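Asker: Each protein sequence line maps, in turn, to chains U and L.
Counting with the UniProt record's numbering, you get residues 1 to 624 for the letters of the first sequence.
Counting with the UniProt record's numbering, you get residues 1 to 229 for the letters of the second sequence.
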Amino acid sequence: MDRIIATAEALWRMMRRIAEILLLLHWFNLLSVEGTRYSLPGKPTLTRCRSPEKETFTCWWEPSFDGGLSTTYALYYCKENSDTVHECPDYHTAGVNSCFFNKNNTSIWVNYNITVVATNALGSTFSDPVEIDVVYIVMPHPPENVGVTVLEDKGWPFLRLSWEPPHKVDTRSGWITLIYELRVKLEEETEWEMHLAGQQKMFNIFSLRSGGTYLVQVRCKPDHGFWSEWSSTTSIKVPDYFQRERSVWVMIMVSSAFIFLIITWLIHINSHSLKHYILPPVPGPKIKGFDKQFMKDGKSEGFFCDLVSIHFPATTTPNDEDLLVEYLEVCVPEEQELKMEDKGEDGCPKSESSTSDCDSGRGSCDSQTLLIDKCFKRVAPGLDIECSQTGTGANEIQDSPDVSSGRVKTWPSVYSPLSQHPVDLMHSLDKSKQHCLSDTLFPSDSSCPYHSHPDHSTNDNPDSTYWKFCFNNKQRLLLRPQMETQWQPHAYSEVNISATVRSSDYVEAHNISDENTVVLHSVSSSHDDREGTGYKYQGEDYSHVQRVGSDNVLMLQRGLMKEPVDTGFCKNQQANRAAGTSDTSPITRNQKPTVCNETTLSVNGPAANGYVDTATMFIKPTQD
Amino acid sequence: MDPEEEEEEKRQTVKGKMARRRTDRGRICVTVLFVVAASGAIPINDLLDRASQQSDRMHSLSTMLTHELGSHFPPIGKVMMPRPGSCHTSSLQTPNDKAQALQISEADLLSLARSLLQAWSDPLMVLSSSVSTLPHPAQSRISNKLQQLQEHSQSLGDGLEMLSGKMGPTAQTISLLPYRGGNDLGQDRISKLVNFNFLLSCLRRDSHKIDSFLKVLRCRAAKMQPEIC
Chain U
1 MDRIIATAEA LWRMMRRIAE ILLLLHWFNL LSVEGTRYSL PGKPTLTRCR SPEKETFTCW
61 WEPSFDGGLS TTYALYYCKE NSDTVHECPD YHTAGVNSCF FNKNNTSIWV NYNITVVATN
121 ALGSTFSDPV EIDVVYIVMP HPPENVGVTV LEDKGWPFLR LSWEPPHKVD TRSGWITLIY
181 ELRVKLEEET EWEMHLAGQQ KMFNIFSLRS GGTYLVQVRC KPDHGFWSEW SSTTSIKVPD
241 YFQRERSVWV MIMVSSAFIF LIITWLIHIN SHSLKHYILP PVPGPKIKGF DKQFMKDGKS
301 EGFFCDLVSI HFPATTTPND EDLLVEYLEV CVPEEQELKM EDKGEDGCPK SESSTSDCDS
361 GRGSCDSQTL LIDKCFKRVA PGLDIECSQT GTGANEIQDS PDVSSGRVKT WPSVYSPLSQ
421 HPVDLMHSLD KSKQHCLSDT LFPSDSSCPY HSHPDHSTND NPDSTYWKFC FNNKQRLLLR
481 PQMETQWQPH AYSEVNISAT VRSSDYVEAH NISDENTVVL HSVSSSHDDR EGTGYKYQGE
541 DYSHVQRVGS DNVLMLQRGL MKEPVDTGFC KNQQANRAAG TSDTSPITRN QKPTVCNETT
601 LSVNGPAANG YVDTATMFIK PTQD
Chain L
1 MDPEEEEEEK RQTVKGKMAR RRTDRGRICV TVLFVVAASG AIPINDLLDR ASQQSDRMHS
61 LSTMLTHELG SHFPPIGKVM MPRPGSCHTS SLQTPNDKAQ ALQISEADLL SLARSLLQAW
121 SDPLMVLSSS VSTLPHPAQS RISNKLQQLQ EHSQSLGDGL EMLSGKMGPT AQTISLLPYR
181 GGNDLGQDRI SKLVNFNFLL SCLRRDSHKI DSFLKVLRCR AAKMQPEIC
């Protein structure tokens, strides 16, 4: 029996050894397997310890590699005054790899020496110790109950933020003093706007964007600790306060409307001048002899007369066409038929004062008074023509013989119908008037106001010696008393012609030279051609100015003289000088615009026929 | 090196003179405050508020000093560091947690604060005198901060003294906590640094205690102004 027991024990020992060997072999086998090596666990590290309210605290650690084996971690600490090592009381409250120290285990103003140990099958690894004092590691939770509202300050909105300290922090007793910080931004922005709020729990934000959505966050910090995390974002939308700005817009609209009304009113007031400025008046038709006004007022016959008269100045040279070629109309009283013919030249030489009048078709006599006045002052002796100016603006001309502007602007055509064609005084007057005036001053009963056709002339009055000179509208034509009433006195220059006039001859102002000299030619007695065809220039017959009276009366001589005489009127001339020449010589056209210093208008004695054939008038308004 | 040292010494003397002038001014201010407070013109709340600000500033300065010194601290020094329990003020019984701290009466709190503050007047002078020879790169900054610390400590002491007069005899009791470290912090460089660091760490804690007590006092006194606490 004993032998059996001894054998059993020996077998048992052997089996144990074999098991151990097998285990060892297994171990070595495990160790020698490729890719798996077991080692001690890596060194863990204490990442941080934090106390949210200075009453408890938590420590977290970071494990290292576990060495292939399951590793356990343990935290050990000791306080400064004792050597007793304690282990972490709570590994779970604060999560994984953490240790939570509750109130009972927390002492302040006491240094803790904390170590974490990682242990696996092979061994343990200790972390580096960390010394902490709870009062230095305070990091509270974020503020709570962050509220944002939109309030108004005098019509302008602002944000009011309010919050509360984290519920665990005891600020009431002064155990922890918190200061706050907040940040604001618009939803679409990237940059936050930071504000330090101090110890207060309320904050106002102004200068908001209308209609924007704002995001707000708050955080806190104990007086000697760490900043908390940012609170959760609170968003708020600012309502549109454009309506509050409406009053501003209303004011702007009202004031702009007011300004607009004022501008409109101003434009309306000055509409006339503005119209002229922007749209200058279109000049009327520029037809020679075409009196627009006459067209308006006259009858068709007058229109016809005008048209006919256009053809009359056949001998006008081209360069003189633009000059005024008008005729001195000599109006013979009833026994004579004065055929006045106006050249109807509207192309009066451009006056400096009113060029537009000439172009406008109004009576070219509108223009300057100075011309007529002047010329007749210098009329050659022998011709008593009384020039008187009654029109406005004539004063200056009367005063100075020098015509400053220097030009004979317009001349009524002096047309002395010396032929047997009686001149209708009215016609002549009308014609002359028409020629001179833009508005008719003639009595309306003249059939041919502008110039009288031979057709219209009914009276052959060779005996009439009255000449009526119609110059421009500023001058008055003196007629016989019975005729005077029909005239408007301020329209004409008065011309008294004492000489007998042969009604058969016409005095026409042929043209106007460069220096505004009017060449008058007498028309020959053959007037037959005129009928229906207008007046022809009959030749170079001249009327003779017998003398110039003292009162600027031009005395025309009867009879024809064919000797050309250079006569020129100068400003300085006096009528007497003109009387020096005995012969009235026809005054030729003064081709040269030279200043004439003497009147050489010669006046003959009364011709046998007693007519003043032609009178040439030279006017030299320009004075040297 | 000699001219540099001389310059440094000149600077130090100038700073010392300025510090003394500032201290004199602070003393005058505090005296005025004391007189006014004695007449009851300044309420306790304002005094405590002012005192809290001073203590807060002190603790910030000491924290900065600790960090400055710790940046260039030899690792071996940490081993040699004496234990914090060997601060000369450790004998003073102070609360260890919030519950204990809130149970202390106001007078006791003030007494504790005053005792701690008083305990640091001498060591601060030792530190100031030793900083000139401190083998540290940030020595000038440390010196400057130490001077400010001294001034704050001075003015705070005067203010607390004024306060204690209003809070009863218990508040005027000061526990003596003498400093026995001597004037010399160490002979060699390492020991100097270690001792300096140790003192500063003790100062940091004590200044925090003072600050905490005063802030608790402030909130207790400001019952009419709950927004402060």
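A virtual CB, placed ideally from N, CA and C, is assigned to each residue, including glycine.
What you are looking at is a predicted structure, and each value in this text was computed from that prediction instead of being measured.
Is there a Cβ from chain L that is less than 7 Å from the Cβ of U/S107?
Answerer: Yes, U/S107 lies at the interface with chain L (some Cβ there is under 7 Å from its Cβ).
Asker: Determine, for U/E55, whether the minimum Cβ-Cβ distance to residues of chain L falls below 7 Å.
Answerer: Yes, U/E55 lies at the interface with chain L (some Cβ there is under 7 Å from its Cβ).
Asker: Strictly by DSSP, which residues pair up with U/D133?
Answerer: Paired residues: U/N111.
Asker: Across which residues does DSSP place U/F57 in a beta bridge pair?
Answerer: Per DSSP, U/F101.
Asker: Chain U beta carbons: is any one of them nearer than 7 Å to that of L/G85?
Answerer: Yes, because at least one Cβ of chain U sits closer than 7 Å to the Cβ of L/G85.
Asker: Does chain U have any CB closer than 7 Å to the CB of L/H208?
Answerer: Closer than 7 Å to some Cβ of chain U, the Cβ of L/H208 qualifies, so yes.
Asker: For chain L, check one thing: does any of its Cβ atoms lie closer than 7 Å to the Cβ of U/S255?
Answerer: By this cut-off, U/S255 is not an interface position.
Asker: Apart from the five residues just before and just after L/C219, which ones in its own chain have a Cβ nearer than 8 Å to its Cβ?
Answerer: These residues qualify, in order along the chain: I228 and C229.
Asker: In whole angstroms, what is the alpha-carbon distance linking U/F260 and U/V148?
Answerer: So the alpha carbons of these two residues sit roughly 46 Å apart.
Asker: Show which residues of chain U have a CB atom less than 8 Å away from the CB atom of L/L102.
Answerer: Those are S173 and W175, listed as they occur along chain U.
Asker: Report the residue from U/Y112, U/E187 and U/L75 whose alpha carbon sits nearest the alpha carbon of U/D83.
Answerer: That would be U/Y112, whose Cα lies nearest to the Cα of U/D83.
Asker: With three or more C-beta pairs closer than 8 Å as the rule, is the segment 201 to 220 of chain L touching the segment 163 to 175 of chain U?
Answerer: Cβ pair count under 8 Å is three or more, so yes.
Asker: Considering only C-alpha positions, which residue in the set U/P143, U/T119, U/Y136 and U/L208 is nearest to U/G155?
Answerer: Minimum Cα distance to U/G155 is reached at U/L208.
Asker: When you compare the CB of L/D108 with every CB in chain U, is at least one pair closer than 7 Å?
Answerer: For L/D108, the answer is no, since every Cβ of chain U falls outside 7 Å of its Cβ.
Asker: When you compare the CB of U/N97 with every CB in chain L, is at least one pair closer than 7 Å?
Answerer: By this cut-off, U/N97 is not an interface position.
Asker: Just the C-alpha distance for U/V135 and U/K54, rounded to the nearest angstrom, thanks.
Answerer: Approximately 6 Å, taken between the alpha carbons.
Asker: Chain L partners of U/V169, CB-CB under 8 Å?
Answerer: Per Cβ cutoff of 8 Å: no residues; U/V169 is ~11 Å from chain L at best.
Asker: Across the segment 71 to 80 of chain L and the segment 148 to 160 of chain L, are there enough close Cβ pairs to call them in contact, namely three or more that are closer than 8 Å?
Answerer: No, the segment 71 to 80 of chain L does not touch the segment 148 to 160 of chain L.
Asker: May I ask you to report which of helix, strand or coil DSSP gives L/T170?
Answerer: Three-state result, L/T170: helix.
Asker: What first and last residue would you give for the alpha helix (DSSP H) that runs through U/G147?
Answerer: Run containing U/G147: none in the alpha helix (DSSP H); it sits in the beta strand (DSSP E), E144 to D153.
Asker: From the beta carbon of U/N111, is the nearest beta carbon of chain L less than 7 Å away?
Answerer: Yes, contact with chain L.
Asker: For L/I104, which of helix, strand or coil comes out of DSSP?
Answerer: Coil at L/I104, not helix or strand.
Asker: By DSSP, does U/Y214 sit in helix, in strand, or in coil?
Answerer: Strand at U/Y214.
Asker: What is the C-beta distance between U/P63 and U/Y76, in whole angstroms, given that I count them as a contact (C-beta under 8 Å)?
Answerer: Not a contact, Cβ separation roughly 16 Å.
Asker: Less than 7 Å between the beta carbons of U/C220 and U/S228, yes or no?
Answerer: Yes, the Cβ-Cβ distance between U/C220 and U/S228 is below 7 Å.
Asker: Could you give the distance in angstroms between the alpha-carbon of U/V238 and the alpha-carbon of U/F203?
Answerer: Rounded to the nearest angstrom, the two C-alpha atoms are 16 Å apart.
Asker: How many angstroms separate the CA atom of U/K275 from the CA atom of U/E152?
Answerer: Their Cα atoms are separated by approximately 55 Å.
Asker: Do L/V131 and L/S140 have their C-beta atoms closer together than 7 Å?
Answerer: Against a cut-off of 7 Å, the Cβ pair of L/S140 and L/V131 comes out as no contact.
Asker: Give the residues of chain L in contact with U/E87, contact being defined as C-beta atoms less than 7 Å apart.
Answerer: Residues of chain L passing the Cβ test: none, with the nearest at roughly 20 Å.
Asker: Which residue comes first and which comes last in the alpha helix (DSSP H) that contains U/I259?
Answerer: U/I259 -> alpha helix (DSSP H) spans R246 to I269.
Asker: The alpha helix (DSSP H) with L/T66 in it runs from where to where?
Answerer: Run containing L/T66: I44 to S71, per the alpha helix (DSSP H) assignment.
Asker: Does DSSP put L/L196 in a helix, a strand or coil?
Answerer: Leu is not the amino acid found at residue 196 of chain L; the sequence shown has Phe there. Helix, per DSSP.
Asker: Check whether the Cβ atoms of L/H67 and L/L177 lie closer than 7 Å to each other.
Answerer: Going by C-beta atoms, L/H67 is not nearer than 7 Å to L/L177.
Asker: Taking its Cβ as the centre, do 16 or more other Cβ atoms sit within 10 Å of L/F196, making it buried, or is it exposed?
Answerer: Classification of L/F196: buried, given that the 10 Å Cβ count is 16 or more.
Asker: Residues in the segment 67 to 79 of chain L with C-beta within 7 Å of chain U's C-beta atoms, listed in sequence order?
Answerer: From the segment 67 to 79 of chain L, no residue has a Cβ closer than 7 Å to chain U.
Asker: Kindly identify the DSSP beta-bridge partner or partners of U/K79.
Answerer: Its beta-bridge partners are U/Y112.
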